[in-house]
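Let me begin by presenting the structure, written as structure tokens, before commenting on it.
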Amino acid sequence: MTAVEPPAFNWRALLSLAVIAGLMGVAIAAIVTTTSTRIADQRMAARLERLTELLPPGSYDNALHQDILVVNAPGQFQSEAPVTAYRASLAGEVVSVIFALTAHDGYNGDIDLLIAIHVDGSLQAVRVVRHQETPGLGDQVELRKSDWLKQFDQLSVSGLSHQDWQSRKYGGRFDNLTGATITASAVLRTVERTVEYFQQQRDKLLVAPAHRAVNQS
Amino acid sequence: MSTPDTITGQAIWRQGLLSSNPALLQLLGLCPLLAISNTLVNAIGLGIATLLTVLLTNTLVSLLRPILYYEIRIPVFVIIIAGLVTIIERLMEAWLFDLYQTLGIFVPLIVTNCLILARAEAFAARQRLPAAMLDGLAMGCGFLLALMLLGASRELLGYGTLLADSQLLLGPDSPDLTLRLSPAGYQFLLFSLPPGAFLLLGLLVAVFRSWVSRRTAVGQHSSIATETTTESAP
Numbered sequence: 001m002t003a004v005e006p007p008a009f010n011w012r013a014l015l016s017l018a019v020i021a022g023l024m025g026v027a028i029a030a031i032v033t034t035t036s037t038r039i040a041d042q043r044m045a046a047r048l049e050r051l052t053e054l055l056p057p058g059s060y061d062n063a064l065h066q067d068i069l070v071v072n073a074p075g076q077f078q079s080e081a082p083v084t085a086y087r088a089s090l091a092g093e094v095v096s097v098i099f100a101l102t103a104h105d106g107y108n109g110d111i112d113l114l115i116a117i118h119v120d121g122s123l124q125a126v127r128v129v130r131h132q133e134t135p136g137l138g139d140q141v142e143l144r145k146s147d148w149l150k151q152f153d154q155l156s157v158s159g160l161s162h163q164d165w166q167s168r169k170y171g172g173r174f175d176n177l178t179g180a181t182i183t184a185s186a187v188l189r190t191v192e193r194t195v196e197y198f199q200q201q202r203d204k205l206l207v208a209p210a211h212r213a214v215n216q217s
Numbered sequence: 001m002s003t004p005d006t007i008t009g010q011a012i013w014r015q016g017l018l019s020s021n022p023a024l025l026q027l028l029g030l031c032p033l034l035a036i037s038n039t040l041v042n043a044i045g046l047g048i049a050t051l052l053t054v055l056l057t058n059t060l061v062s063l064l065r066p067i068l069y070y071e072i073r074i075p076v077f078v079i080i081i082a083g084l085v086t087i088i089e090r091l092m093e094a095w096l097f098d099l100y101q102t103l104g105i106f107v108p109l110i111v112t113n114c115l116i117l118a119r120a121e122a123f124a125a126r127q128r129l130p131a132a133m134l135d136g137l138a139m140g141c142g143f144l145l146a147l148m149l150l151g152a153s154r155e156l157l158g159y160g161t162l163l164a165d166s167q168l169l170l171g172p173d174s175p176d177l178t179l180r181l182s183p184a185g186y187q188f189l190l191f192s193l194p195p196g197a198f199l200l201l202g203l204l205v206a207v208f209r210s211w212v213s214r215r216t217a218v219g220q221h222s223s224i225a226t227e228t229t230t231e232s233a234p
């Protein structure tokens with residue numbers, strides 16, 4: 001910097017700072033209010049699109065993102081936080097429940113999953129929504145990168161023991177994810193827990209009114 | 001603040017792209033640069049968003065010169081940068097939702113890019129509007145160029161492709177522009193991970209510096225960066 005101005009307190013400077021901060025605040029408030037409905041719509045549409053991917057078209061006739069349950073099951077899932085579940089129904093009968101869950105024990109942090117379970121207890125699909133696994137190894141959990149997740153599609157899980165819910169490498173029944181054992185185990189563990197939870201709380205999940213909390217008995 | 005110095009458009013472009021290239025010579029904004037340069041498409045996305053932010057910040061700072069006092073200039077710059085980035089993020093989420101889904105996490109990172117603060121302080125606060133805008137454009141392009149160089153070399157060495165996932169930038173209906181320049185299944189993990197980014201950036205900086213200093217061929221300007229740099233990279 002060149003010459004420094006005299007050190008006397010500059011009230012004008014303070015005023016100009018306040019004016020600039022105020023103007024920027026007004027500009028941000030204006031943008032936030034004008035975009036908020038559009039952003040909410042976009043987020044809703046994106047969420048609906050993701051949920052739609054998990055279920056065969058025509059197998060349900062409700063708006064998936066509107067029949068929401070809040071599942072409180074401390075100890076069942078890795079985090080104590082409530083889990084969101086979406087119900088799909090056909091002619092008023094619930095046909096599937098989609099759980100939005102996070103596996104916190106990925107190789108590199110959280111793996112956000114959507115897990116769809118049919119009323120008969122079988123798995124319909126598992127999808128990864130967000131993850132930060134190692135490129136080239138752990139990121140094979142993405143359907144875009146490999147077919148690993150496809151093994152869960154329309155999978156009957158009745159009679160699977162805890163030992164079965166492992167990758168083949170550890171004597172289980174599921175495909176390995178080459179070079180990403182930790183990633184695969186994290187997904188498998190979360191899917192197993194969800195299937196187990198559904199089996200235990202099935203009746204409650206099916207009859208609970210929408211937008212209500214479901215508590216573990 | 002101080003009276004505007006006269007500077008030609010050509011000199012502004014030369015500084016932004018070459019002799020004071022923000023990333024490769026001033027080493028500014030390395031945090032987003034290293035984080036987001038794993039593929040060319042990511043690099044282009046963040047580069048354009050950064051370009052827009054520098055351009056708009058320089059414009060606003062230059063416009064506000066009549067009420068900009070020396071004592072409060074840094075808080076004012078920070079307010080302007082943080083506010084603009086917030087506004088850009090909101091507008092992207094509202095109108096370019098698909099692109100936002102991909103770049104969403106990078107956009108707030110732009111606030112941490114001290115290139116923008118450095119240009120506001122060292123240039124825009126002392127220059128008339130046209131020069132300040134041109135400087136924002138030139139510096140933004142220089143940063144974009146560096147990001148693209150690093151992104152392209154990391155993607156090529158790491159995955160053997162160029163422009164993979166181009167749909168993320170151009171929309172799901174655009175043609176797939178991926179160029180595969182290696183046998184299928186090729187992968188060199190090091191370059192996709194942060195250590196590879198550091199190694200390649202180091203090499204790029206060395207090559208670029210020696211090329212620029214040979215090109216300008218001025219002995220006393222061995223460290224060209226010092227003329228405009230006021231802050232160092234985080």
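Going down the list, the protein sequences come from chains P and H. Letter by letter, the first sequence follows residues 1 to 217 of the working numbering. Letter by letter, the second sequence follows residues 1 to 234 of the working numbering. Ideal placement from N, C-alpha and C gives every residue a C-beta, glycine not left out.
| Check | Outcome |
| --- | --- |
| Name the two residues that bound the continuous beta strand (DSSP E) containing T102 (chain P). | E93 to G106 |
| Nearest by alpha-carbon distance to V214 (chain P): which of P:P74, P:S59, P:G22 and P:A40 is it? | P:P74 |
| Tell me which same chain residues have a C-beta within less than 7 angstroms of the C-beta of E53 (chain P), skipping the five on either side of it? | R127 |
| Out of H:S182, H:L169, H:P108 and H:I116, point me to the one whose CA is closest to E155 (chain H)'s CA. | H:S182 |
| Check this for me: beta carbons of L97 (chain P) and V141 (chain P), under 8 angstroms apart or not? | According to the sequence as given, residue 97 (chain P) is Val; it is not Leu. In this structure, V141 (chain P) does not lie closer than 8 angstroms to V97 (chain P) by Cβ. |
| Quick one: which unbroken beta strand (DSSP E) runs of 3-plus residues sit fully inside the segment 54 to 84 of chain P? Chain order, please. | 68 to 72 |
| Answer yes if the segment 81 to 98 of chain P comes into contact with the segment 156 to 170 of chain P, meaning at least three C-beta pairs across the two stretches below 8 angstroms, and no otherwise. | no |
| What is the rounded straight-line gap between the Cα of P122 (chain H) and the Cα of V205 (chain H)? | Before going on, a small fix: residue 122 (chain H) reads as Ala here, not Pro. Going by the C-alpha atoms only, they are around 22 angstroms apart. |
| My guess is that A23 (chain H) and A146 (chain H) are in contact by the Cβ rule of under 8 angstroms, so how many angstroms apart are they, rounded? | 4 angstroms |
| If we define contact as Cβ-Cβ less than 8 angstroms, is V128 (chain P) a contact residue for chain H? | no |
| Taking the straight line between their C-alpha atoms, what separation do you get for S79 (chain P) and L60 (chain H)? | 45 angstroms |
| How would you write the range of the beta strand (DSSP E) that N215 (chain P) sits in, first residue to last? | A213 to N215 |
| If the cut is a Cβ gap below 8 angstroms, which residues of chain P does I80 (chain H) touch? | I20 and M24 |
| Which two residues bound the contiguous beta strand (DSSP E) that contains R127 (chain P)? | L123 to R130 |
| Between F198 (chain P) and G121 (chain P), is the Cβ-Cβ spacing less than 8 angstroms? | yes |
| Should S146 (chain P) and I67 (chain H) be called a contact, given that it needs their Cβ atoms to be closer than 8 angstroms? | no |
| Per DSSP, F174 (chain P) is paired with what? | P:S167 |
| Using the rule of at least 16 other Cβ atoms within 10 Å of the residue's Cβ for burial, across every protein chain shown, is H104 (chain P) buried or exposed? | exposed |
| Within its chain, find whatever has a CB closer than 8 angstroms to the CB of I72 (chain H); leave out the 5 residues flanking it on each side and keep chain order. | none |
| Tell me, which residues are paired with Y86 (chain P) by DSSP? | P:I68 and P:I98 |
| Which partner residues of L162 (chain H) appear in the DSSP bridge assignment? | H:L179 |
| Can you give me, in chain order, the residues of the segment 185 to 209 of chain H that have a beta carbon less than 8 angstroms from any beta carbon in chain P? | Q187, L189, S192 and L193 |
| Let's test the definition: count the other Cβ atoms within 10 Å of the Cβ of D173 (chain H) and tell me whether it reaches 16, buried, or not, exposed. | exposed |
| Check the C-beta distance from R209 (chain H) over to A125 (chain H) and give it rounded, since I have them as a contact under 8 angstroms. | Contact flag wrong, Cβ pair sits at about 28 angstroms. |
| V32 (chain P) versus chain H: which residues are under 8 angstroms apart at the beta carbon? | R90 |
| Span of the alpha helix (DSSP H) holding G138 (chain P)? | No alpha helix (DSSP H) holds G138 (chain P); DSSP gives it neither H nor E. |
| Mind checking if A13 (chain P) is an interface residue toward chain H, Cβ cutoff 8 angstroms exclusive? | yes |
| Please name the residues in the segment 58 to 79 of chain H whose beta-carbon is closer than 8 angstroms to at least one beta-carbon of chain P, in chain order. | L64, I67, L68, Y69, Y70, E71, I72, P75, V76 and I79 |
| Please compile the residues from chain H whose C-beta is within a distance smaller than 7 angstroms of the C-beta of L17 (chain P). | I72, P75 and V76 |
| Looking at L200 (chain H): is its Cβ nearer than 8 angstroms to the Cβ of L150 (chain H)? | yes |
| Can you find the residues in the same chain that come closer than 6 angstroms, C-beta to C-beta, to L34 (chain H), ignoring five residues on each side of it along the sequence? | A197 |
| For N58 (chain H), count neighbouring C-beta atoms within 10 Å of its own C-beta (all shown protein chains included) and say buried if the count is 16 or more, exposed if not. | buried |
| Residues of chain P with a CB under 8 angstroms from the CB of T6 (chain H): which are they? | The premise fails here: T6 (chain H) is roughly 16 angstroms from chain P at the closest Cβ pair, so nothing lies under 8 angstroms. |
| Is the distance from the Cβ of I68 (chain P) to the Cβ of H211 (chain P) below 8 angstroms? | yes |
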